[in-house]
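Taking the UniProt record's numbering, I'd label the letters of the sequence shown as residues 1 to 754. For each residue, glycine too, the CB sits at the ideal point set by N, CA and C. Predicted model only: the values in this text are computed from it and were never measured. I have placed the structure first, in the form of structure tokens, so that the comments after it can refer back to it.
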Amino acid sequence: MTTKHSAYELEQKRLDETIDLIDKEVDWITEEIKDPTDDYVKQIVNAGLAKTLTYLTQSRLKPYFGRVDFMKDETYDTDSVYIGKRGVVSSDTMDSIVVDWRAPVASLYYSGESKDAFYRTPQGIVRGEVKLKRNFAIEEGKITGIYDGAVKETINREMSDPDDFLDEGYIDEFLSASLDQTNDSRLKDIVATIQSEQNDIIRAEKDRPILVQGVAGSGKTTIALHRLSYLIYNYQDSLASKRFMVFAPNRLFLTYISEVLPELGVEDVQQSTFMDWAAKLVKPLMNKGWRILDPNKPLQLFFEEGENREAQRREARHRMHLKGSLACKATLDAYLADLIETQINYKRLSFIYSRTKHVFAIDGSEIKKLFMEHYANLPFRERLVQLRKHLKQQLNKMVYAHLRELKVDLDKQALAKFEKNIDTILDKYFAAWPTLDVFSVYTGLFASQELLEKFAPVELENRAEVLADTARTSAEIFAAERIETEDLAPLLYLQHALEGMSQAGSFDHAVVDEAQDLSALEILIVSLATKRNSVTIVGDIAQGIHAYRGLHSWDELMKGVYAGSSVQFYKLEQSYRSTVEIMTCANEVLAKIDIPDLFLAKPVLRHGTKPLYQHSEKAADEAGAVIQHATKLADEGFRSIAIVAKSMEQCKKLHKQIKAGLPEAVLLSSKDTEFPEGIVVMPAYMTKGLQFDAVILVGADTENYGRNEEDAKLLYVAMTRPVHRLVVLSAKNGLTELLQTAQVYMEQVTEQEV
């Protein structure tokens with residue numbers, strides 16, 4: 001595996017030669033760009049060389065991580081291809097010394113589980129046989145590990161049961177070594193350890209929706225970002241990275257992924273939360289003085305403690321879920337169609353030509369047919385523009401035909417005056433048509449129970465109660481000249497229907513991460529803003545902690561938003577983050593509830609210590625236990641440790657209690673945008689999508705986590721964040737029922753045993 005490997009000397013020699021070549025390339029580029037120039041073309045060339053210089057310098061001591069030997073069917077020639085984060089080409093010979101991981105031939109390294117293999121090029125498919133897959137661990141220009149990966153047939157011969165390769169989470173040595181490392185507070189690239197099922201998603205077709213249901217730790221986020229990099233690299237002529245968008249669940253998460261984007265060569269992609277992006281588009285539509293409510297208010301309502309909140313929660317759940325559903329789209333469509341049908345007077349358009357007393361007219365029924373049928377696929381305002389243009393052309397045509405019949409010639413000045421008169425006639429005609437302001441139409445509809453009952457779909461579940469709650473609470477919010485984040489997507493959809501959305505088709509590709517916590521209507525808005533439905537949507541229904549507004553099943557997208565589209569659906573069941581011991585405990589939580597589309601994570605065969613469980617009789621003792629465990633974990637070398645309580649209020653209280661014993665612990669809230677290293681204290685709902693070396697779960701008792709879907713999902717999210725260690729603490733009424741059966745998989749400790 002290391003220096004004892006039979007190929008060690010040969011491979012180290014090859015590595016030394018590669019580093020020497022990189023040094024020569026660096027020297028050449030440095031010399032080439034050292035002098036400033038006023039030549040524009042030379043400036044462009046130098047900018048490209050400067051970027052290449054940066055990449056070469058960064059990869060110099062670790063230029064590649066893998067090798068694949070491939071024998072082509074046509075020639076029987078075997079090529080040894082070395083694969084790295086960036087390609088390295090000799091400027092003297094133009095030979096590829098290292099192939100970029102995104103190149104077509106590199107797919108052999110990731111998907112070569114069988115001897116019969118192929119890769120796609122612009123010229124066609126190249127078929128052949130993978131003879132060798134080799135991984136390298138390289139540090140500071142020296143090979144510290146060589147791992148020869150077997151193709152699937154070899155593995156099947158060597159294992160007692162061929163199905164063990166997948167069903168029991170077979171894990172190769174190279175991947176195991178990578179997963180065993182401790183982590184800092186940023187997401188890292190996985191180009192060296194991309195697995196076959198992940199590779200299929202990364203290299204999937206670009207012009208279709210890609211939907212990924214992936215369990216906790218399956219690498220969903222990382223795969224989506226690597227897919228961005230792959231698309232930009234392979235479609236440089238038609239896609240621009242500046243027109244790519246990553247939608248993240250919160251601002252803190254954007255910091256978490258910040259380092260991996262430059263590593264993947266996609267540093268200039270746009271990044272935002274859906275709420276921030278949508279708010280910028282909606283603000284110009286709002287009436288003067290109106291504001292968007294603090295998005296943290298729903299978090300406080302649903303996740304914080306409080307007396308007599310059930311009625312409030314029910315009303316908010318009804319309102320938010322309706323406004324995010326495709327039923328909302330149907331309601332808006334029906335209301336808008338009614339306004340167009342009833343408020344527009346499709347009267348006859350006519351005028352008299354004074355010189356001849358001839359009447360020119362277009363019948364109202366013809367105008368209505370044009371508007372309602374011929375231009376039906378256009379937004380309302382664009383329909384008006386096209387209808388007016390059509391009517392003007394038709395009137396001009398009628399007048400010119402009449403003048404030709406009378407053999408009357410008009411000079412240019414007379415013609416211009418005539419056209420101006422027609423414009424005046426059309427101005428008067430369309431002045432009677434409604435303007436249909438986006439904001440007024442929307443607020444008028446959702447503040448009226450009568451209108452909602454008239455236009456909402458009849459099949460809406462709990463229809464009467466949902467519509468009554470929605471209208472009453474929306475009216476209260478609007479009366480204070482406020483809207484909430486759940487109003488953003490409906491407003492943008494209405495803008496799309498009335499005016500044409502300002503950002504329609506502005507993205508070449510969009511990634512939606514943690515998509516289960518967006519609504520179906522929000523996903524639709526993202527698709528409207530993206531060309532050719534080129535979106536990558538990743539999430540996990542089991543981690544849908546915002547059930548009051550998010551998705552309950554992927555069918556809402558498959559059979560709703562993308563009905564009729566060639567959406568590609570992938571399932572990732574293998575979890576690469578947490579150890580078998582941690583995932584076994586976490587899976588016990590999900591087993592307690594009934595969730596559609598749920599399947600439990602299959603952890604790779606990476607073992608660690610059992611999760612620890614400690615019960616304290618008093619809350620003060622629980623804080624002391626936190627200090628003890630956090631200190632011990634830090635002493636053991638774990639670099640990122642999260643102390644997780646259920647609510648923000650609990651986190652604030654706990655942070656005060658442990659401050660003296662853990663002065664380095666940082667309290668994080670939803671307003672934070674920077675992700676610090678070391679020990680953090682944060683609520684469970686903010687940990688979604690993140691990972692840490694170790695997690696200390698505080699307050700895992702019956703008072704905090706009841707046996708219901710929302711609490712189970714929240715607890716599951718918190719328990720699946722650690723890579724190596726999980727500590728579960730409870731106080732008050734004892735361990736939550738959700739974890740009762742998991743106790744057999746945990747090691748119970750006392751204060752003295754920590």
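- Secondary structure within the region 593–636: the beta strand (DSSP E) runs of 3 or more consecutive residues, fully enclosed, are 612–615 (chain order).
- Residue pairing by DSSP puts Val246 in a beta bridge opposite Gln271 and Val511.
- For Glu382, the enclosing alpha helix (DSSP H) starts and ends at Phe380 to Glu405.
- In chain order, Leu445 and Phe455 place their CB closer than 6 Å to the CB of Tyr335, counting only its own chain and leaving out the 5 sequence neighbours on each side.
- When C-alpha distances from Tyr147 are compared across Thr193, Leu322, Gly141 and Thr584, the shortest belongs to Thr193.
- If you look at Tyr147, you'll find it in the beta strand (DSSP E) that goes Lys142 to Gly149.
- Taking all protein chains in view, the Cβ of Ile44 is surrounded by fewer than 16 other Cβ atoms within 10 Å, so the residue is classified as exposed.
- By the Cβ test, the region 519–532 is in contact with the region 486–500, since at least three Cβ pairs between them sit closer than 8 Å.
- Within its own chain, the residues whose Cβ lies closer than 7 Å to the Cβ of Arg721, once the five positions on either side in sequence are excluded, are Ala642, Thr687, Leu690, Gln691, Phe692 and Val695, listed in chain order.
- Shown here for Arg707: same chain residues with a beta carbon closer than 7 Å to its own, the five before and five after excluded, namely Lys592, Glu737 and Leu738 in chain order.
- Pro284 counts as exposed, since fewer than 16 other C-beta atoms from the protein chains shown sit within 10 angstroms of its C-beta.
- Taking a C-beta distance under 8 Å as the contact criterion, Gly505 and Lys531 qualify as a contact pair.
- Boundaries cannot be given for Ser534, as no alpha helix (DSSP H) includes it and DSSP labels it neither H nor E.
- Cβ-Cβ distances below 6 Å link Ala475 to Ala447 in the same chain, with the five nearest sequence neighbours on each side left out; the list follows chain order.
- As DSSP reads the structure, Asp701 sits in a beta bridge with Leu735.
- In this model, Thr18 and Ile97 are separated by some 7 Å (Cα to Cα).
- If only uninterrupted alpha helix (DSSP H) runs of at least 4 residues are considered, those enclosed by the region 286–357 are 296–303, 310–323 and 326–342.
- DSSP lists no bridge partner for Leu254.
- It is roughly 17 Å from the alpha-carbon of Ile352 to the alpha-carbon of Glu405.
- For Glu465, the enclosing alpha helix (DSSP H) stretches over residues Arg463 to Ala479.
- Classified as buried, Leu436 has 16 or more neighbouring CB atoms from the shown chains inside 10 Å of its CB.
- DSSP, reduced to helix, strand and coil, places Glu129 within a strand of the structure shown.
- Between the region 532–539 and the region 198–210, the count of Cβ pairs shorter than 8 Å is three or higher; the stretches touch.
- Of all alpha-carbon atoms in Tyr429, Arg383, Arg120 and Tyr55, the one lying nearest the alpha-carbon of Glu205 is that of Arg120.
- Membership of Asp423 in the alpha helix (DSSP H) is indicated by the continuous run Lys412 to Ala431.
- With three or more CB-CB distances shorter than 8 Å, the region 596–616 counts as touching the region 572–583.
- Each residue's CA atom was taken as its position, placing Leu21 and Ser90 some 7 Å apart.
- The continuous alpha helix (DSSP H) containing Met719 extends over residues Glu709 to Met719.
- Here the C-alpha atom of Ala619 lies approximately 11 Å from the C-alpha atom of Asp701.
- At least 8 Å separates the beta-carbon of Tyr400 from that of Lys368.
- Ranked by Cα distance from Tyr55, the options Ser6, Thr30 and Gln123 are led by Thr30.
- With distances taken between CA atoms, Asp711 lies nearest to Glu304 out of Ala137, Glu304, Ser107 and Tyr235.
- When DSSP states are grouped into helix, strand and coil, Gln123 belongs to the coil group.
- Remark: C-beta atoms of Arg243 and Asp508 approach each other more closely than 8 Å.
- For Gln657, the enclosing alpha helix (DSSP H) stretches over residues Met648 to Ile658.
- In this structure, the CA atom of Lys297 is about 13 Å from the CA atom of His546.
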